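*Asks:*
Residue numbers (the numbering used here): 9 to 60.
1) For residue 31, which three-state DSSP category applies?
2) Less than 8 Å between C-beta atoms, sequence neighbours within five positions excluded: which residues of the same chain meet that for residue 21?
3) Roughly how many angstroms separate the alpha carbons of residue 23 and residue 12, rounded to a whole number?
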């Protein structure tokens with residue numbers, strides 16, 4: 009039972025990191041200032057996820 013939980017957590021982590029990489033690549037292509045204002049909030053999201 010524990011193995012299923014661990015694999016599920018790993019899959020979620022891989023999906024989350026893939027979304028993060030996709031967002032970073034998208035932000036580099038867009039020269040909008042609104043997107044760069046959202047970048048400082050991303051590390052806070054990581055701290056919340058790893059704290060739990």
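Even for Gly, the Cβ is constructed at its ideal location relative to N, Cα and C.
For clarity, every value in this text was computed on a predicted model and none was experimentally measured.
*Replies:* According to the structure data:
1) helix
2) none
3) 17 Å
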